[in-house]
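Presented below is the structure to which this report refers.
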Amino acid sequence: MKVVFHVNELEKWSTVVGNINNLLKADAKMKAIEIVANGEAVKGYLQADLGIALHELAEKRVILSSCQNAMNHFEMTKETLPPFVGVVPAGVLRLVECQTEGYAYIKS
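For the sequence shown, position 5 matches number 250 in this note's numbering, and the numbering has no gaps at all.
Listed below in structure tokens is the structure:
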């Protein structure tokens, strides 16, 4: 099973992290889990308290993606992101790609 979590609101990050941890506890054999952040949620990658939880997810092979368009809007660069966060040209395009590849979609 493959799942993509979409987060575009900054205050939804704790829900996303909790849902993914619960999913991993229930099914440790998940084939792929990806978080796609766009909108204001890209700023969550810069929060120190959230960074610890996200690093732990990355260590569990969760893919973390940040929307370049949103980063441009908030004057962020790849260099400002933690090293475990990847950048995609457009978050919405990545979500479409994931769904085309058979990922279940969860909006947080």
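All C-beta atoms, glycine included, are put in the ideal place defined by N, C-alpha and C.
Everything numeric in this text was worked out from a predicted model, so none of it was measured.
Cutoff 6 Å; reference residue i; Cβ partners in own chain excluding five residues on either side
i: A298; result: V262
i: A277; result: K247
i: A349; result: V248
Enclosing beta strand (DSSP E) for residue i [first to last residue]
i: A349; result: 349 to 352
i: K247; result: 247 to 252
Spatial distance of residue i from residue j (CA atoms)
i: A271; j: L291; result: 29 Å
i: A293; j: V330; result: 14 Å
i: L268; j: R306; result: 13 Å
i: L199; j: P328; result: Look at the range of the chain in this structure, 246 to 353, and you will see that residue 199 is not part of it.
i: A340; j: N283; result: With the sequence shown as reference, residue 340 is identified as Leu, and Ala is not the correct amino acid for it. The alpha-carbon atoms of L340 and N283 are separated by roughly 10 Å.
For residue i, the first and last residue of its enclosing alpha helix (DSSP H)
i: I257; result: It should be pointed out that residue 257 corresponds to Lys in this sequence rather than to Ile. Looking at the DSSP string, K257 is not in any alpha helix (DSSP H), and its letter there is neither H nor E.
i: E342; result: 336 to 345
Any non-hydrogen atom of the ligand SAH within 8 Å of residue i CB
i: I265; result: Among the ligands in the structure shown, none appear at all, so the ligand SAH cannot be discussed.
Beta-carbon contacts of residue i that lie in its chain and below 8 Å, excluding the five residues immediately before and after
i: N264; result: F250, I351, S353
i: M275; result: M246, K247, V248, L268, L269
Which runs of the beta strand (DSSP E) at least 3 residues long sit entirely within the segment 274 to 329? Give them in chain order.
277 to 282, 308 to 312, all fully within the segment 274 to 329.
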